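In our numbering, the protein residues as written are 581 to 882. Below is one structure; the comments refer to it alone.
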Ligand code: 0GY
């Protein structure tokens, strides 16, 4: 095996995405957006970052868009994952393949040039992600994020924050001081075993209640669950967010589910959870269409 082939071999404990997700019974409303998903590689064209904490299975745009069509979704928001570092090329390539049917959330360095920022914007990027999970990024100084926030202000981008709710007590003052719209990943990663009244989720709800600048993703039942499929234990959390913040909540598949070691979800089953989180047609329309379109296609679509 060559050195480069060895470098991109997936981690042995990294589960590949589901080979043949089922067709969901639930059909989303016209124009629905998968507002959190990723592409990985293909690593022979878009090498993973040398500093990455995991090496995934290649997950190309063509597979993502086939799932979009299978599920009756219309659009994707592709979030740069840490395994690609600050090289957003694979994501930009995927967006370009989608026509106007994809947008992106980038990961950037504070010293990015103005030209590169504009190139990302022209390529469909509408936000940056600040990832506070130590297992994914180590311990970046907070000052780095402040400087990035300053750089993106003129473009009207929002900030996506990814943290564990247990860390929110410490992180909340920093997150509150961030400028503009701030979108919280994966329900703020509450401890599901503690229930919807647990301390961590209470902090997430407090943040959401405190300021209309905060949005949240009702995503990742497969990651948050303690009980496992069909993720009944996560339903009260999703429902609390969708009903409590109907105009500031978005949904996504999280395909291809990086770093899942317990099991790999059937993405069709994740789509079938939508009406359990959003029990009325009105809530589904906001969650899947109106809210993500306001954030990612504010100029509308042709
Ligand atoms: C996780 C979840 C994710 C991983 C990444 O940037 C990443 O590598 O985002 C996810 O899908 O959001 O907890 O490993």
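Backbone N, C-alpha and C fix where the C-beta goes; we use that ideal spot for every residue, glycine too. This structure is a prediction, so every number in the text was calculated from the model and none was measured.
Query, Result
"Buried versus exposed call for residue 873 [16 or more other C-beta atoms within 10 Å across all chains shown]", "buried"
"Cβ-heavy atom distance, residue 711 to ligand 1, below 7 Å", "yes"
"Reduced DSSP secondary structure (H/G/I, E/B, other) of residue 616", "strand"
"Runs of beta strand (DSSP E) lying entirely within the segment 627-706, each at least 3 residues, in chain order", "655-659, 682-686"
"Residue 834 beta carbon near ligand 1 (any heavy atom closer than 7 Å)", "yes"
"Bridge partner(s) assigned by DSSP for residue 763", "740, 795"
"Alpha carbon of residue 598 to alpha carbon of residue 770, nearest angstrom", "25 Å"
"Alpha carbon of residue 791 to alpha carbon of residue 762, nearest angstrom", "10 Å"
"For residue 607, three-class secondary structure by DSSP", "coil"
"Proximal residues to residue 603 (C-beta, below 7 Å), its chain only, five neighbours per side dropped", "650, 848"
"6 Å CB neighbourhood of residue 834 in its chain, flanking five on each side removed", "616, 799, 800"
"Check: residue 666 C-beta below 7 Å from any heavy atom of ligand 1", "no"
"Residue 719 CB to nearest heavy atom of ligand 1 below 7 Å", "no"
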